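K.L.:
Protein chains in written order, with the working numbering: chain A, 1 to 482; chain B, 1 to 482. Beta carbons: idealized from backbone N, C-alpha and C, even for Gly. This structure is a prediction, so every number in the text was calculated from the model and none was measured.
2 protein chains.
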Amino acid sequence: MAIKLYNTATRKKETFKSILPNTLKIYVCGVTIYDDVHIGHAFSYINYDILVNYFKHFLGYDIVYVRNITDVGHLTDDSAGGDSGEDKVEKRATERKMHPMELVYTYSHRMWKYFDALNISRPNLEPCASAHILEMQEWIKKMLNNGFAYEVNGNIYYDISKFKGYGKFANKNIDELEKDTRFENDKNKRHPADFALWIKARPEHILKWTSPWGEGYPGWHLECSVMSTKYLGDRFDIHGGGIEHIFPHHQNEIAQNYGYYQHDVVNYWVHTAMLMVDGKKMGKSLGNFITIEEFLKKHSAESLRYLFSSGHYRKPQNYTESSIMDAEVAIERINNFIKRLQEIDNDRDTSYAKEIIDNTIENFKNAMNDDLNTPSAWASIWFLVKEANRLIGNNQLTKEEANSVLDFLQKVNLVFKVFNFEQATTKDKNKIQRAEIEELIQKRNELRKQKKWEEADLIRLNLEKKGVLLSDSPSGTSWHYE
Amino acid sequence: MAIKLYNTATRKKETFKSILPNTLKIYVCGVTIYDDVHIGHAFSYINYDILVNYFKHFLGYDIVYVRNITDVGHLTDDSAGGDSGEDKVEKRATERKMHPMELVYTYSHRMWKYFDALNISRPNLEPCASAHILEMQEWIKKMLNNGFAYEVNGNIYYDISKFKGYGKFANKNIDELEKDTRFENDKNKRHPADFALWIKARPEHILKWTSPWGEGYPGWHLECSVMSTKYLGDRFDIHGGGIEHIFPHHQNEIAQNYGYYQHDVVNYWVHTAMLMVDGKKMGKSLGNFITIEEFLKKHSAESLRYLFSSGHYRKPQNYTESSIMDAEVAIERINNFIKRLQEIDNDRDTSYAKEIIDNTIENFKNAMNDDLNTPSAWASIWFLVKEANRLIGNNQLTKEEANSVLDFLQKVNLVFKVFNFEQATTKDKNKIQRAEIEELIQKRNELRKQKKWEEADLIRLNLEKKGVLLSDSPSGTSWHYE
Numbered sequence: 001m002a003i004k005l006y007n008t009a010t011r012k013k014e015t016f017k018s019i020l021p022n023t024l025k026i027y028v029c030g031v032t033i034y035d036d037v038h039i040g041h042a043f044s045y046i047n048y049d050i051l052v053n054y055f056k057h058f059l060g061y062d063i064v065y066v067r068n069i070t071d072v073g074h075l076t077d078d079s080a081g082g083d084s085g086e087d088k089v090e091k092r093a094t095e096r097k098m099h100p101m102e103l104v105y106t107y108s109h110r111m112w113k114y115f116d117a118l119n120i121s122r123p124n125l126e127p128c129a130s131a132h133i134l135e136m137q138e139w140i141k142k143m144l145n146n147g148f149a150y151e152v153n154g155n156i157y158y159d160i161s162k163f164k165g166y167g168k169f170a171n172k173n174i175d176e177l178e179k180d181t182r183f184e185n186d187k188n189k190r191h192p193a194d195f196a197l198w199i200k201a202r203p204e205h206i207l208k209w210t211s212p213w214g215e216g217y218p219g220w221h222l223e224c225s226v227m228s229t230k231y232l233g234d235r236f237d238i239h240g241g242g243i244e245h246i247f248p249h250h251q252n253e254i255a256q257n258y259g260y261y262q263h264d265v266v267n268y269w270v271h272t273a274m275l276m277v278d279g280k281k282m283g284k285s286l287g288n289f290i291t292i293e294e295f296l297k298k299h300s301a302e303s304l305r306y307l308f309s310s311g312h313y314r315k316p317q318n319y320t321e322s323s324i325m326d327a328e329v330a331i332e333r334i335n336n337f338i339k340r341l342q343e344i345d346n347d348r349d350t351s352y353a354k355e356i357i358d359n360t361i362e363n364f365k366n367a368m369n370d371d372l373n374t375p376s377a378w379a380s381i382w383f384l385v386k387e388a389n390r391l392i393g394n395n396q397l398t399k400e401e402a403n404s405v406l407d408f409l410q411k412v413n414l415v416f417k418v419f420n421f422e423q424a425t426t427k428d429k430n431k432i433q434r435a436e437i438e439e440l441i442q443k444r445n446e447l448r449k450q451k452k453w454e455e456a457d458l459i460r461l462n463l464e465k466k467g468v469l470l471s472d473s474p475s476g477t478s479w480h481y482e
Numbered sequence: 001m002a003i004k005l006y007n008t009a010t011r012k013k014e015t016f017k018s019i020l021p022n023t024l025k026i027y028v029c030g031v032t033i034y035d036d037v038h039i040g041h042a043f044s045y046i047n048y049d050i051l052v053n054y055f056k057h058f059l060g061y062d063i064v065y066v067r068n069i070t071d072v073g074h075l076t077d078d079s080a081g082g083d084s085g086e087d088k089v090e091k092r093a094t095e096r097k098m099h100p101m102e103l104v105y106t107y108s109h110r111m112w113k114y115f116d117a118l119n120i121s122r123p124n125l126e127p128c129a130s131a132h133i134l135e136m137q138e139w140i141k142k143m144l145n146n147g148f149a150y151e152v153n154g155n156i157y158y159d160i161s162k163f164k165g166y167g168k169f170a171n172k173n174i175d176e177l178e179k180d181t182r183f184e185n186d187k188n189k190r191h192p193a194d195f196a197l198w199i200k201a202r203p204e205h206i207l208k209w210t211s212p213w214g215e216g217y218p219g220w221h222l223e224c225s226v227m228s229t230k231y232l233g234d235r236f237d238i239h240g241g242g243i244e245h246i247f248p249h250h251q252n253e254i255a256q257n258y259g260y261y262q263h264d265v266v267n268y269w270v271h272t273a274m275l276m277v278d279g280k281k282m283g284k285s286l287g288n289f290i291t292i293e294e295f296l297k298k299h300s301a302e303s304l305r306y307l308f309s310s311g312h313y314r315k316p317q318n319y320t321e322s323s324i325m326d327a328e329v330a331i332e333r334i335n336n337f338i339k340r341l342q343e344i345d346n347d348r349d350t351s352y353a354k355e356i357i358d359n360t361i362e363n364f365k366n367a368m369n370d371d372l373n374t375p376s377a378w379a380s381i382w383f384l385v386k387e388a389n390r391l392i393g394n395n396q397l398t399k400e401e402a403n404s405v406l407d408f409l410q411k412v413n414l415v416f417k418v419f420n421f422e423q424a425t426t427k428d429k430n431k432i433q434r435a436e437i438e439e440l441i442q443k444r445n446e447l448r449k450q451k452k453w454e455e456a457d458l459i460r461l462n463l464e465k466k467g468v469l470l471s472d473s474p475s476g477t478s479w480h481y482e
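Structure (structure tokens):
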């Protein structure tokens, strides 16, 4: 049972085949470190965490996961070519009167703190751009030699006209790009969409290095070509990022890879959608900017992981306070279900549940193997919760079956990390026994016969609070767990 | 009131004068990352934490503290020249079948975790050697140009004969060094004590970079010259490290700095002594190797900080289980004292304590200003505890005086970080009121008159458990807090 992934390069779902047997080599574009990480970052990296966890725990792959840290070269105006404006890190550091590397040090550690708090697995390696200047210079030298780059006044540009099909990956046409007014009118460039590999530094610039072309710093796109291949080799399986990276960042990586190796490097390009907040793009000026730190003051990591995985990674998701509150309720429901399973002590030999469990496992895997269709994977789990609750209500789930459901949920949790298996073993105040439920239903029926509707309804409401739902029909009242 | 520091370069205590007004620029040699940090690391970095905290909170300096991470170039045999054996990081990574940078990533984060757990303040910057290869190559080029280095077969060596007075810093004589059999018999070297700036890599070596001299990696000593000056400038105040760094590491840094700048870079060289465990040098083979993780399973961070600061940083310290237990008792005594101070509610107008407090503050500062004489600084605090306890016993310490003692201890704690000011405000079970103490003493005296020695002694022992010590004299029984 192979997994299919949507490959941005081909605009198709493709059956995944790894380069090395049972090893996934994956590179994901990391954070540009100049401020605190926010829930937009969380959306992307939780989704990649789920991808990697699923490959590891369900598909049995060894993982080599590299995620970079951008600490130099990412300019403030990255909407088009990405070569105009100031270096984001240096600009913020100057405002704060800090050395840029101190800013990076501080916010890297804050990023790790909050990503850890969201239970996002660490990659195997987290290389920094600033630690690979020498390697970037080697790449530039080779691209100059190969004729894919040119120098003007201490700046080196990539010559997109030399890479046949530049733009194809991002569905862009070179002639249209030429008219795109968002490109800076840089007289040095032969084509407006040519992009910088090396940028000449002004004398007061701090983040700069010596080079054969004078003092300068690398263009943003170069680091990812260099660090992905340094640690994963000249061909690797998956390159991930956010949809905003498709152009220009990943298009330019592909061009650089070709300019250096003269072949493609990445087999599957994966992109996560944009997270909206209250229906708008998140932005500090819009007042809908939520850092992970702020989020965690009000809500749990599990609720965010549930919310994000309940939509599909390629579908834009809208974060609202009410959506996160719904997520909290959903998780509590499953945790109550887990507690119920853990308490089952019924060893009668029945087999009502086997088919339900088998179907669920199959549906879950089918969903996940279909381009990580997490909403559909969750639907299979909700089906299990509903059906198993019905069986528990009828006292028809054996301890053995409950354990196999728990085993499956434990495995699911290695991927999603949202459930709590270590709930208090002491009696829950809200816990209600089957006999008690049936007694209360009988009492309610008597009250209804006596037309004491309000008192009868109070019983129904109290049971509902304890997770027990009643349904009345002509043949009587049945109940099931929520 | 200026501070004096012992300068290894002059073998004298010198009055400290910073290069920039009220700014301390300090570089400390950090950890070579290939295994877990141990209490030997803790000894050194807690002492530097105390130094930096004292400069900041008592002397009013702004701090620029740089501590490096060695992730390449530190060879297994660093006893003499440091150029023989294998790269420590690469060797361990190969054993573990990991990429060397994954090993570094894993253990860096473990180092931060345990240093944080010991409350060791973070430096402003923690640069890695592997992130400064380009800068190191620039240094080598300039040293070659300046005539301080030579190339043999893709290796670059520092020519110690070109640096007049090589060996002086470490009290070594060049002619004696020539006979030191610990130096590897490297035919490439003109003098056995010449040391590698760049080491040619074998083809299978992973941690290597291109260079004008072929593929290789930097010698260990180079990174500290390069990173200290990159972030602190070509002249800075303090360079710290352990006593084991004096030769060859710091001697070679001095030589490199001269080879590059033709002047001295460091004004004060500070070195912490060696930590012994159970009277022996700590070593895995001796079975007396204690990681910080293991230490913290049994004892508190505060106890280690107290223990290490109760000796002087330049005096070898011997760690034993009983010494750490004594430290725990000492801290508890001070914490009890703090609780007692916090509970004082005596607003009579007295001035018994003023002189004691003033003397203590002055003695504390004098001790710390005398080359961070922490044992003597602690003696001043114990004097305060004893004298203030006496006044409390006599009900002669006012709330205002208690608060000024607390203020002083709060400030001291910014340096040492051992006290607990947030103790339970609920009544302590062990707490005993003055009236009760006096009642019990009277009862004991009566029992003694009745020659009921055992019963009388039981009262004494019970009071002792609660921190109240009795002294009998011909004029009667007096008591004081422990």
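(1) Which of the three DSSP states, helix, strand or coil, is assigned to PHE408 (chain A)?
(2) Quick check on the DSSP output: the alpha helix (DSSP H) that includes LEU197 (chain B) runs from which residue to which?
(3) In chain order, what residues of the same chain have a beta carbon less than 7 Å from the beta carbon of GLY85 (chain A), not counting five sequence neighbours either side?
(4) Mind checking which residues open and close the beta strand (DSSP E) that includes ARG67 (chain A)?
(5) From this set, B:ILE206, B:ASP264, B:ASN7, B:PRO21, which residue's C-alpha is nearest GLY73 (chain B)'s C-alpha?
(6) What do you get for GLU438 (chain B), buried or exposed, if any count of 16 or more other CB atoms within 10 angstroms of its CB means buried?
(7) Which whole-angstrom value describes the C-beta separation of PHE308 (chain B) and ILE46 (chain B), a residue pair presumed to lie in contact below a C-beta threshold of 8 Å?
(8) Could one say the Cβ of MET101 (chain A) lies closer than 9 Å to chain B's Cβ atoms, at least one of them?
(9) In whole angstroms, what separates the C-alpha of SER380 (chain A) from that of ASN171 (chain A)?
(10) Along the region 184-211 of chain A, what residues have a CB closer than 9 Å to any CB found in chain B?
(11) Among A:HIS132, A:ALA2, A:GLY240, A:ASP175, which residue has its Cα nearest to the Cα of PRO491 (chain A)?
(12) Less than 9 Å separating the beta-carbons of ARG444 (chain B) and LEU469 (chain B)?
(13) Going along the chain, which residues of the region 125-146 of chain A sit with their C-beta nearer than 9 Å to a C-beta in chain B?
(14) If contact means a Cβ-Cβ distance below 8 Å, which residues of the region 230-261 of chain B contact chain A?
(15) Cα separation between THR425 (chain B) and ILE338 (chain B)?
(16) Between the C-alpha atoms of HIS263 (chain B) and PHE148 (chain B), what's the straight-line distance to the nearest angstrom?
(17) Helix, strand or coil for PHE419 (chain A), going by three-state DSSP, please let me know.
(18) Answer yes or no: does any C-beta atom of chain B fall closer than 9 Å to that of LYS4 (chain A)?
(19) Would HIS109 (chain B) count as contacting chain A if we go by Cβ distances under 9 Å?
(20) Could you compute how far the alpha carbon of MET136 (chain A) sits from the alpha carbon of ASN267 (chain A)?
(21) Taking the straight line between their C-alpha atoms, what separation do you get for VAL64 (chain A) and ASN7 (chain B)?
(22) DSSP three-state call for TRP213 (chain B): helix, strand or coil?
(23) CA-CA distance, PHE195 (chain A) and LYS208 (chain A)?
(24) Grab the span of the beta strand (DSSP E) containing GLU86 (chain B) for me, first residue to last.
(25) If the cut-off is 8 Å on Cβ atoms, which residues from the region 40-63 of chain A count as contacting chain B, listed in chain order?
(26) Can you give me the Cβ contacts of GLN442 (chain A) inside the same chain, cut-off strictly under 6 Å, excluding the 5 residues immediately before and after it?
(27) How should MET101 (chain B) be labelled, buried or exposed, when 16 other C-beta atoms within 10 angstroms of its C-beta is the threshold for buried?
(28) I'd like to know whether the C-beta atoms of TYR61 (chain A) and PHE236 (chain A) end up nearer to each other than 9 Å.
(29) Alpha carbon to alpha carbon, what distance is there between PRO375 (chain B) and ILE361 (chain B)?
(30) My parser needs the alpha helix (DSSP H) runs of 4 or more residues fully inside the region 285-324 of chain B; what are they?
(31) Kindly list the residues whose CB is nearer than 8 Å to the CB of SER18 (chain B), restricted to its own chain and excluding five residues on each side of it in sequence; keep chain order.
(32) What does TYR114 (chain A) reach in chain B if we use C-beta pairs closer than 9 Å?
(33) Just the chain A side, please: which residues come within less than 7 Å of TYR105 (chain B) by C-beta, in chain order?
(34) Starting from the C-beta of SER323 (chain A), find all residues in its chain whose C-beta is less than 8 Å away, skip the five residues before and the five after it, and write them out in chain order.
(35) Determine, using beta-carbon pairs with one atom in the region 402-411 of chain B and one in the region 345-361 of chain B, whether at least three such pairs fall under 8 Å.
(36) Report the start-end ranges of each alpha helix (DSSP H) in the region 136-196 of chain B that is 4 residues or longer and not cut off at the edges.
P.N.:
Put simply:
(1) helix
(2) Note, LEU197 (chain B): premise wrong, no alpha helix (DSSP H); beta strand (DSSP E) at 195-200.
(3) LEU75, THR76, ASP77
(4) 62-67
(5) B:ILE206
(6) exposed
(7) 5 Å
(8) yes
(9) 36 Å
(10) TRP209, THR210, SER211
(11) Outside the displayed span of chain A (1 to 482) sits residue 491 (chain A), for which this structure offers no information.
(12) no
(13) LEU125, GLU126, PRO127, CYS128, SER130, ALA131, HIS132, ILE133, LEU134, GLU135, GLN137, GLU138
(14) TYR231
(15) Note that THR425 (chain B) has pLDDT 49, beneath the 50 cutoff, so the model's placement of it is unreliable and no number is given.
(16) 13 Å
(17) coil
(18) no
(19) yes
(20) 22 Å
(21) 48 Å
(22) coil
(23) 18 Å
(24) 84-87
(25) none
(26) none
(27) buried
(28) no
(29) 15 Å
(30) 292-298, 301-309
(31) LEU24, LYS25, TYR61, ASP237
(32) None at all; the shortest Cβ gap to chain B is about 15 Å.
(33) LEU125, GLU126
(34) LEU307
(35) yes
(36) 174-179
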